[in-house]
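The structure appears below as structure tokens.
Number of protein chains: 2
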Amino acid sequence: MGNVEWLDSVEERAWRGFRRMWIHLDAQLARDLAASSELSMADYAVLSTLTEVDDERWRVTELAAHMEWSQSRLSHHLARMQDRDLVKRETDPQDARAAVVTLTNRGREAITEAATEHVAAVRKRFISVATREELRTLADLADRVVDRLSIPT
Amino acid sequence: MGNVEWLDSVEERAWRGFRRMWIHLDAQLARDLAASSELSMADYAVLSTLTEVDDERWRVTELAAHMEWSQSRLSHHLARMQDRDLVKRETDPQDARAAVVTLTNRGREAITEAATEHVAAVRKRFISVATREELRTLADLADRVVDRLSIPT
DNA sequence: CACATTTGTATGATGCGTCATCTACTTCTG
DNA sequence: CAGAAGTAGATGACGCATCATACAAATGTG
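Note that the protein sequences, when read in sequence, are chains H and B. Residues in the first sequence are numbered from 208 upward in steps of one, following this note's numbering. Residues in the second sequence are numbered from 208 upward in steps of one, following this note's numbering.
Have a look at this one:
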């Protein structure tokens, strides 16, 4: 399994490259999104997740879980998005503790307009640079890495 | 080149997987590092970069550029690390505008102790899950993506 | 059915990253 | 060599993420 203590050149190049790629991609996509909309990446994540289900209604906790955000982070972010009239929160009639998040018209317009360009940016910055084989390799690796992280060990 | 507007299943799996992998890995490594040291990932990045040159002296701007951090971020972070006695800043005798950053003894101890376990964590969480071929593929892809980002277009 | 426990969400404090700006020093120009 | 322009770094204000906690509603228990 190689030396346990350090990384050899292949390993180091992969690890550094991976981080570098993430940091640059993330920053560039944020700039692309900002240039073509009024949304941050976080806004985009919230809005696009909301559109993923047919009735576009999510309980805060479920939305947070699905997005892999902390409940607190989402709650704060929803508060800000609500101020900007992008989302609404209503009390769940089934359970008065719970809040149901929905898109406002403004939110729906925002995500509709932003989505096309964001996807185009992802394609331009990342997808189109990779081969199909590379994409498959990356997806497989990612699944394995994430699976393994969920095992306590 | 496929449909320009949306992502097909291979593309989507790769993109989502990549982001997911990054988020989980980063969080887990931060927890690992916190468990085995008093350092944050940012602290680690600063300290380990400092040890990369023989005399362990860096001008703030050069350090920032090498780390791909903004000068401001580094300056703020150095201020906090200085309060914790991990680094020192001295005025450069050659150029009184400039500051030279160096490790304190405490900083050197901290990074020395933390490094072994951090590298072990990277290996455990990521490297050991990938094959050599995957690592090479990832590194190549990362280089290409990053290179392409630097072209304005 | 009172009371303890659990669950769903919000909120306040704190620390970090970014942007715009400030200061001090250095370099360039005539 | 005076003044303008440029450069190195620090700083303050602001927005966002996290942690701990608060609160209210729901559920379980005797």
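Glycine included, each C-beta is placed from N, C-alpha and C at the ideal position.
| task | Report yes or no: is there a C-beta of chain B within less than 7 Å of the C-beta of Q289 (chain H)? | result | With 7 Å as the cut-off, Q289 (chain H) does not count as an interface residue toward chain B.
Check: Given a threshold of 16 other Cβ atoms within 10 Å of its Cβ, counted over all protein chains shown, does I358 (chain H) qualify as buried or as exposed?
Finding: By the 16-neighbour rule on beta-carbons within 10 angstroms, I358 (chain H) is exposed.
Q) Would E218 (chain H) be called buried (16 or more neighbouring beta carbons within 10 Å of its own) or exposed? A) In summary, E218 (chain H) is buried, with 16 or more beta-carbon neighbours lying within 10 Å of its beta-carbon over all protein chains present.
Q | alpha helix (DSSP H) runs contained entirely in the region 306 to 358 of chain H, provided each spans 4 or more residues | A | Listed in chain order, the complete alpha helix (DSSP H) runs (minimum 4 residues) inside the region 306 to 358 of chain H are 312 to 332 and 339 to 357.
**Study point:** Listed by chain order, chain H residues near H231 (chain B) by CB distance under 7 Å
**Key:** Annotation: Cβ neighbours of H231 (chain B) in chain H (cutoff 7 Å, chain order): V353 and L356.
Using the rule of at least 16 other Cβ atoms within 10 Å of the residue's Cβ for burial, across every protein chain shown, is D250 (chain B) buried or exposed? With a 10 Å radius around the Cβ and a threshold of 16 neighbouring Cβ atoms, D250 (chain B) comes out buried.
Could you tell me whether any Cβ in chain H is nearer than 7 Å to the Cβ of W213 (chain B)?
-> Cβ-Cβ to chain H under 7 Å: yes for W213 (chain B).
**Study point:** Among B:D290, B:V307 and B:T258, the one whose alpha carbon lies nearest that of T298 (chain B)
**Key:** Of B:D290, B:V307 and B:T258, the residue nearest in Cα terms is B:V307.
Buried or exposed: V260 (chain H), going by 16 or more other Cβ atoms within 10 Å of its Cβ? With fewer than 16 Cβ atoms within 10 Å of its Cβ, V260 (chain H) is classed as exposed.
* Asked: For E361 (chain H), which residues in chain B fall below 9 Å Cβ to Cβ?
  -> No information on residue 361 (chain H) is available, as it lies outside the stretch 208 to 360 that chain H covers here.
Using a Cβ-Cβ cut-off of less than 7 Å, list which residues of the region 214 to 226 of chain H approach chain B; keep chain order. Those residues of the region 214 to 226 of chain H that come within reach of chain B (Cβ to Cβ, closer than 7 Å) are L214, V217, E218, R220, A221, W222, G224 and F225.
Check: Considering only the beta carbon of each residue, do L240 (chain B) and F333 (chain B) sit closer than 7 Å?
Finding: Contact check for L240 (chain B) against F333 (chain B) fails: the beta carbons are separated by 7 Å or more.
- [ ] Check distances from the C-beta atoms of the region 263 to 284 of chain H to those of chain B and list, in chain order, the residues that come in under 7 Å.
- [x] Per Cβ criterion, the list reads E275.
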